[in-house]
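A.B. asks: Below: one structure in structure tokens.
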Amino acid sequence: MATLRELADRVGAKIAGDPDLQIRRVAAIDEAEEGDITFISNPKYRNQLLSTRASAIIVPSSVKPAGYNLLISRNPYLDFARILTHMQGPRPEARGVLPGAMIDSSARISENSTIHPGCIVGADVKVGRGSVLFPGVVLYEGVEIGEDCTLHAGVVVRERCRIGNRVIIQPSSVIGSDGFGFAPDGTRYFKIPQVGIVVIEDDVEIGAGSCIDRATLGKTRIGRGVKIDNLVQIAHNVDVGEDTIIVSQVGISGSTRIGKHCTFGGQSATAGHLSIGDNVTIAARGGVTNDVEPDRIMAGLPLMPHKEWLKATTSYARLPEIRKEISRMKRQLEELEKRIKKG
Amino acid sequence: MATLRELADRVGAKIAGDPDLQIRRVAAIDEAEEGDITFISNPKYRNQLLSTRASAIIVPSSVKPAGYNLLISRNPYLDFARILTHMQGPRPEARGVLPGAMIDSSARISENSTIHPGCIVGADVKVGRGSVLFPGVVLYEGVEIGEDCTLHAGVVVRERCRIGNRVIIQPSSVIGSDGFGFAPDGTRYFKIPQVGIVVIEDDVEIGAGSCIDRATLGKTRIGRGVKIDNLVQIAHNVDVGEDTIIVSQVGISGSTRIGKHCTFGGQSATAGHLSIGDNVTIAARGGVTNDVEPDRIMAGLPLMPHKEWLKATTSYARLPEIRKEISRMKRQLEELEKRIKKG
Amino acid sequence: MATLRELADRVGAKIAGDPDLQIRRVAAIDEAEEGDITFISNPKYRNQLLSTRASAIIVPSSVKPAGYNLLISRNPYLDFARILTHMQGPRPEARGVLPGAMIDSSARISENSTIHPGCIVGADVKVGRGSVLFPGVVLYEGVEIGEDCTLHAGVVVRERCRIGNRVIIQPSSVIGSDGFGFAPDGTRYFKIPQVGIVVIEDDVEIGAGSCIDRATLGKTRIGRGVKIDNLVQIAHNVDVGEDTIIVSQVGISGSTRIGKHCTFGGQSATAGHLSIGDNVTIAARGGVTNDVEPDRIMAGLPLMPHKEWLKATTSYARLPEIRKEISRMKRQLEELEKRIKKG
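First to last, the sequence lines map onto chains U, R and Z. Just so we're aligned, residue 2 is where the first sequence starts under our numbering, counting upward by one. Just so we're aligned, residue 2 is where the second sequence starts under our numbering, counting upward by one. Just so we're aligned, residue 2 is where the third sequence starts under our numbering, counting upward by one.
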């Protein structure tokens, strides 16, 4: 519970209506009940205000309907997230190593962490204060986990990989699996040992079921603040720059370097050994087969500027029509030629 | 073991040949041995009858070869499945909570369930009668599992998610991972807490390694009878209608609503916040970027009616030829113009 | 530690420089320090020799710079892999069944294997000498694992599946999940029991988070020497020929047969019930919807010879331009016709 005034002060917003209103919960605009606060970030949804039962609404300054309790925000979506985070309350208190967790005697686990039952922690592992390992997490030998991390159930981190602070990993993701490297030896393949590591920097989030391969030599790096969705594949020796967003089912091939503040849409992919600049956006299902300059918005396979891609795809659906047109013109041309020859 | 008569009675089929024939096993037509029953659902495979060693064959009424023991069926494929199910025998008897499972004292586990070693069950969890948790299943606090469910090894269900009756989840799938939601805050991203849940209704099957994200607020819903294959991504707040089929490696983006009886082919995908009607088929690798009306069969990216897509892709391979044709015509045109100007 | 002479003898290479040089480690050319050996496999990277601090370099005979300690190799990439393997040392000694592993009393586990804590091994399982199960591996009843296998944390192998010798499976992969088979029964679907198995032959490697479904009846087969990357889907009754390479996020649909020595690029896929010959290459994102003859290099959806695909994709980006060209020609034609009619 918090008053509208407390929430507004917390995020630096203004109020219209009753500052002492008690807020119980954050809810979606169509599911909110009395006592809830909800939000509108886009003025085009303002009509939903008419039917919501929420007691208060976070709105942009361009939407200020009379007769509502409002929290007027410069960035309603961000303030919704901040208020929702506040209403969640603080992280639960650390509970230490719980019965049923198996910890190697050489591991150094902060007393202020929580290690759930079924976790298995190898030799020389370090886990920092405030970190939580949910049931069934496996840390191979020499893994380092920073402070205030959350590793969900079934996460596996292989030997010597290093994870920074405030990193969140959703269930069943794998950090440090072997890169896919084989040297042809006649008709067979010889496995190239993958002896490098993965380094995940601070404030990264990794979705469920994603895989980040260890480097052959050296390291695969996920830069500070990177957000990776579910079922994403990051191959060996990839380097992902700070604050880049990688949406679900993306595949990044080996040794590719991605800049800062990039966005990869769902199911997009890159070939290996490429360099992609800062602030690049690759649209969903885009396929990157060459280096990309900074600040580009690209799409398609072959990759092209997004605007060109939109035009090309529009034409694509009309290909059969285009072919008919060409056939017609061809006949016209032949007739014209005949007539001219005759004439 | 069962007689041909018993099997025919069970599925309501007719018999030609020996009703007292003892059937030992169901087998593929090219692998069957004496004592086996096999099936033919498509008359075009009738030639395989000549070489099979099966003792009996499930056939459609349009295929009734003389000299075989036949089970004549209105729906041979369905009756094959039903007979195979019958020959499997009943579900094994419940064994209760086995040693090596760790169950929170507040959990309410039916005595008629089976909880294998290595399962970890959190506070306030409910598991209904007849349900089986294979080794290493993790249920976070407040999860509810209905009756006769099967959760295979390594499945993770996060806090408060609800699973109906007769639900099957293959190994390593994740239910209730955080949705991928971040609010831009300058150049960085602020995590939006994902406080909703996932609701999986009765008779759903989910493949291996699939991920179904919890809602930001409210719920992600998988409707009754939905079948989801391996490595599928379902984002937060998605709603999937009853009896819809989602094939492997499909990605459904956030807040999209899918109707009943739809089919999504392998590697197809949707953008977020879309509405897709009932009985829609999206062909493999189709990319849905706009709402889709009911009863449509669609394909491609951009998405188009499947028939148009077939034509467009045929033209696609001929693009270089089309360009040559255009160049030829251009030259012809220029020559004609010259001649007319001269003339 | 090894001398340059020892390494050269081991791989059958020649030496230039100091044969008694002590080599401490294998490192990438830009990260190598004194005491390291590195490699150059492609002469185009020879300029990197100028800046490397490595004490010795594996080179092809076409690159023999003076003043360096060289290991001159017929196949530098393969010899790099072999030397790296040698420098890793032998496999750690077997440690037997470690405390915290749960093994059914009917399982037959070689004394010379290593079963880590948190592994759960079912009835009648066999594990051969030299094999290692990392923490949290689950083997259902009747599974057979050969010799010198490595199953990483969280791997699940379901009932009766058989794995050969020297097989490596990265974390969280699933072997033997149910195939995706349902018989329509009116508007609902009836599950077809999947009672077959998966057979994985010798020297196969499977990446992280991949899924290989068991056959409906009979077996899904992964042939000797096949290498499968992360997040790959292999459906029921698929047969993959020896030494085939399947890159990340590929999907192979049910009952498709793939030849030997094929290569499937990332995110490529096949429809079901197809036959693909030996030595076929499918480029990244290729979509196979018909049988493919041996020795073909194919790409695209629709699938076409790779050379044609390159031409078609080049044309694709120019589609809007092509349409403009056609419009221009159409106008020209109409004008010509008018003039001729007038004339």
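Positions of the beta carbon are idealized from the N, C-alpha and C atoms, including for glycine. Since the model is a prediction, treat every value here as computed from it, not as a measurement.
How is the alpha helix (DSSP H) around R/ALA313 delimited, first residue to last?
C.D. replies: In the second sequence, counting from the first residue as 1, residue 313 of chain R sits at position 312. R/ALA313 -> alpha helix (DSSP H) spans 307 to 318.
A.B. asks: Starting from the beta carbon of Z/PHE265, find every residue of chain R whose beta carbon is closer than 9 Å, and list them in chain order.
C.D. replies: The residue labelled residue 265 of chain Z in the question sits at position 264 within the third sequence. Within chain R, no residue comes near Z/PHE265; the closest Cβ sits about 13 Å away, beyond 9 Å.
A.B. asks: Look up R/PHE40 in the DSSP assignment and say whether it is helix, strand or coil.
C.D. replies: Indexing the second sequence from 1 puts residue 40 of chain R at position 39. Strand, per DSSP.
A.B. asks: If I'm right that R/ALA33 touches R/LEU72 with Cβ under 8 Å, what's the distance once you round it to whole angstroms?
C.D. replies: Here the question's residue 33 of chain R lines up with position 32 in the second sequence. Here the question's residue 72 of chain R lines up with position 71 in the second sequence. Rounded, the Cβ-Cβ distance is 14 Å, inconsistent with contact.
A.B. asks: So Z/THR257 and Z/GLY278 are supposed to be a Cβ contact under 8 Å. How far apart are they, rounded?
C.D. replies: Translated into the one-based positions of the third sequence, residue 257 of chain Z becomes position 256. Translated into the one-based positions of the third sequence, residue 278 of chain Z becomes position 277. With a Cβ gap of about 12 Å, Z/THR257 and Z/GLY278 do not count as contacting.
A.B. asks: Got a sec: is the Cβ-Cβ distance from Z/GLN234 to anything in chain R below 7 Å?
C.D. replies: On the third sequence, residue 234 of chain Z is found 233 positions in, with the first residue counted as 1. Chain R, which has a Cβ nearer than 7 Å to the Cβ of Z/GLN234, makes this yes.
A.B. asks: Apply the 10 Å Cβ neighbour rule to U/GLN23 and answer buried if 16 or more other Cβ atoms are within range, or exposed otherwise.
C.D. replies: Position 22 of the first sequence, counting from 1, holds the residue named residue 23 of chain U. By the 10 Å Cβ count, U/GLN23 comes out exposed.
A.B. asks: Please list, in chain order, all residues of the same chain as Z/ALA14 whose beta carbon is under 7 Å from its beta carbon, the five residues on each side excluded.
C.D. replies: As a first step, residue 14 of chain Z is located in the third sequence; it is residue number 13 there, counting from the start. If we look at Z/ALA14 and ignore the five residues flanking it on each side, its Cβ neighbours are LEU72, ILE73, SER74, ASP80.
A.B. asks: As a quick exercise: from U/TYR141, U/SER276, U/VAL158, U/ARG329, pick the residue whose alpha carbon is nearest that of Z/HIS117.
C.D. replies: Position 116 of the third sequence holds residue 117 of chain Z. When only C-alpha atoms are compared, the closest one is U/TYR141.
A.B. asks: Along the chain, where does the alpha helix (DSSP H) that runs through U/ARG11 open and close?
C.D. replies: On the first sequence, position 10 is the one that residue 11 of chain U refers to. From DSSP, the alpha helix (DSSP H) with U/ARG11 extends over 5 to 12.
A.B. asks: Between the stretch 45 to 60 of chain Z and the stretch 226 to 239 of chain U, can you find at least three pairs of beta-carbon atoms closer than 8 Å?
C.D. replies: The answer is no - the stretch 45 to 60 of chain Z does not touch the stretch 226 to 239 of chain U, with fewer than three Cβ pairs under 8 Å.
A.B. asks: Using alpha carbons as the reference points, say which of R/VAL168, R/PRO185, R/SER211, R/ILE229 lies closest to U/GLN171.
C.D. replies: Counting from one through the first sequence, the residue named residue 171 of chain U turns up at place 170. Among R/VAL168, R/PRO185, R/SER211, R/ILE229, the Cα nearest to that of U/GLN171 is on R/SER211.
A.B. asks: DSSP three-state call for R/LYS325: helix, strand or coil?
C.D. replies: Translated into positions along the second sequence, residue 325 of chain R becomes position 324. The answer is helix: DSSP assigns R/LYS325 an H, G or I state.
A.B. asks: May I have a chain-ordered list of the beta strand (DSSP E) segments no shorter than 3 residues that lie completely inside the stretch 131 to 192 of chain R?
C.D. replies: Whole beta strand (DSSP E) segments, 3+ residues: 175 to 178, 183 to 186, 189 to 192.
A.B. asks: Does the stretch 214 to 221 of chain U touch the stretch 185 to 200 of chain U, meaning 3 or more C-beta pairs lie closer than 8 Å?
C.D. replies: Yes, the stretch 185 to 200 of chain U touches the stretch 214 to 221 of chain U.
A.B. asks: Mind checking who R/ARG96 pairs with in its DSSP beta bridge?
C.D. replies: Mapped onto the second sequence, residue 96 of chain R falls at position 95. Per DSSP, none; premise fails for R/ARG96.
A.B. asks: Are the beta-carbon atoms belonging to U/ILE164 and U/ILE146 less than 7 Å from one another?
C.D. replies: The sequence position of residue 164 of chain U within the first sequence is 163, counting from 1. The sequence position of residue 146 of chain U within the first sequence is 145, counting from 1. Contact: yes.
A.B. asks: Would the beta-carbon of Z/ALA345 fall within 7 Å of that of U/ALA284?
C.D. replies: For chain Z, the structure presents residues 2 to 344; residue 345 of chain Z sits outside this window and is missing.
A.B. asks: Between the alpha carbons of R/LEU304 and U/SER111, how many angstroms are there, rounded?
C.D. replies: Taking the second sequence and counting its residues from 1, one reaches residue 304 of chain R at position 303. Taking the first sequence and counting its residues from 1, one reaches residue 111 of chain U at position 110. Those two C-alpha atoms are separated by around 53 Å.
A.B. asks: Check whether the Cβ atoms of U/MET299 and U/GLY287 lie closer than 7 Å to each other.
C.D. replies: Here the question's residue 299 of chain U lines up with position 298 in the first sequence. Here the question's residue 287 of chain U lines up with position 286 in the first sequence. Yes. Within cutoff.
A.B. asks: Establish whether the CB of R/GLY219 and some CB of chain U are separated by less than 7 Å.
C.D. replies: Locating residue 219 of chain R in the second sequence gives position 218, counting from the first residue. Yes, R/GLY219 lies at the interface with chain U (some Cβ there is under 7 Å from its Cβ).
A.B. asks: R/ARG25 and R/GLY18 look like a contact to me (Cβ under 8 Å); what is the Cβ gap, rounded to whole Å?
C.D. replies: To locate residue 25 of chain R, count along the second sequence from 1; it is residue 24. To locate residue 18 of chain R, count along the second sequence from 1; it is residue 17. Not a contact, Cβ separation roughly 16 Å.
A.B. asks: Taking the alpha-carbon of U/THR315 as reference, which of Z/GLU335, Z/SER316, Z/LEU320, Z/CYS162 has the nearest alpha-carbon?
C.D. replies: Sequence index remark: in the first sequence, residue 315 of chain U carries index 314 (1-based). Ranking Z/GLU335, Z/SER316, Z/LEU320, Z/CYS162 by Cα distance to U/THR315 puts Z/LEU320 first.
A.B. asks: Mapping DSSP to helix, strand and coil, what is U/MET2?
C.D. replies: The sequence position of residue 2 of chain U within the first sequence is 1, counting from 1. Three-state result, U/MET2: coil.
A.B. asks: With a 10 Å radius around its C-beta and 16 neighbouring C-beta atoms as the bar for buried, classify Z/SER328 as buried or exposed.
C.D. replies: In the third sequence, residue 328 of chain Z corresponds to position 327, counting from 1. Looking at its Cβ environment, which holds fewer than 16 other Cβ atoms inside 10 Å, Z/SER328 is exposed.
A.B. asks: Between which two residues does the beta strand (DSSP E) containing Z/ALA82 stretch?
C.D. replies: For this step, residue 82 of chain Z is matched to residue 81 along the third sequence. Here Z/ALA82 belongs to no beta strand (DSSP E); instead the alpha helix (DSSP H) covers 77 to 88.
A.B. asks: My understanding is that R/VAL139 touches U/GLY242, with C-beta atoms under 8 Å, so please give their C-beta distance in whole angstroms.
C.D. replies: Taking the first residue of the second sequence as position 1, residue 139 of chain R is located at position 138. Taking the first residue of the first sequence as position 1, residue 242 of chain U is located at position 241. That belief does not hold up - the Cβ atoms of R/VAL139 and U/GLY242 are roughly 34 Å apart, past 8 Å.
A.B. asks: From what residue to what residue does the beta strand (DSSP E) around R/SER74 run?
C.D. replies: The residue given as residue 74 of chain R occupies position 73 in the second sequence. Element bounds for R/SER74: 71 to 74.
A.B. asks: I want to verify the contact list: residues of chain Z whose CB lies under 8 Å from the CB of U/LYS192, in sequence order.
C.D. replies: The count along the first sequence starts at 1 and reaches residue 192 of chain U at position 191. Ordered by position in chain Z, the residues that pass the 8 Å Cβ test against U/LYS192 are ALA82, THR86, ILE169, GLU206.
A.B. asks: For Z/ASP105, which of R/GLY101, R/SER106, R/ASP105, R/GLU94 has the nearest alpha-carbon?
C.D. replies: Numbered from its first residue, the third sequence carries residue 105 of chain Z at position 104. Residue R/GLY101 is the option with its Cα nearest to Z/ASP105.
A.B. asks: Between U/GLY165 and chain R, is any beta-carbon pair separated by less than 7 Å?
C.D. replies: Start at 1 with the first residue of the first sequence, and residue 165 of chain U comes out as number 164. With 7 Å as the cut-off, U/GLY165 does not count as an interface residue toward chain R.
A.B. asks: Measure from the C-beta of Z/GLN195 to each C-beta in chain R and report whether the shortest distance is under 7 Å.
C.D. replies: As a position in the third sequence, residue 195 of chain Z is number 194, starting the count at 1. No, because no Cβ of chain R sits closer than 7 Å to the Cβ of Z/GLN195.
A.B. asks: So is the beta-carbon of R/ASP179 under 6 Å away from any non-hydrogen atom of the ligand SAM?
C.D. replies: The ligand SAM is not part of the structure shown, which contains no ligands of any sort.
A.B. asks: Touch check for the stretch 143 to 161 of chain U and the stretch 173 to 180 of chain U: three-plus C-beta pairs under 8 Å?
C.D. replies: Counting Cβ pairs under 8 Å, three or more are found: they touch.
A.B. asks: Give me the Cα-Cα distance between U/ASP31 and Z/HIS153, rounded to the nearest whole angstrom.
C.D. replies: Position 30 of the first sequence, counted from the first residue, corresponds to residue 31 of chain U. Position 152 of the third sequence, counted from the first residue, corresponds to residue 153 of chain Z. Between U/ASP31 and Z/HIS153, the C-alpha separation is close to 46 Å.
A.B. asks: Confirm, please, whether the CB-CB distance from Z/GLY260 to Z/ILE229 is below 7 Å.
C.D. replies: As a first step, residue 229 of chain Z is located in the third sequence; it is residue number 228 there, counting from the start. As a first step, residue 260 of chain Z is located in the third sequence; it is residue number 259 there, counting from the start. The answer is no: Cβ separation not under 7 Å.
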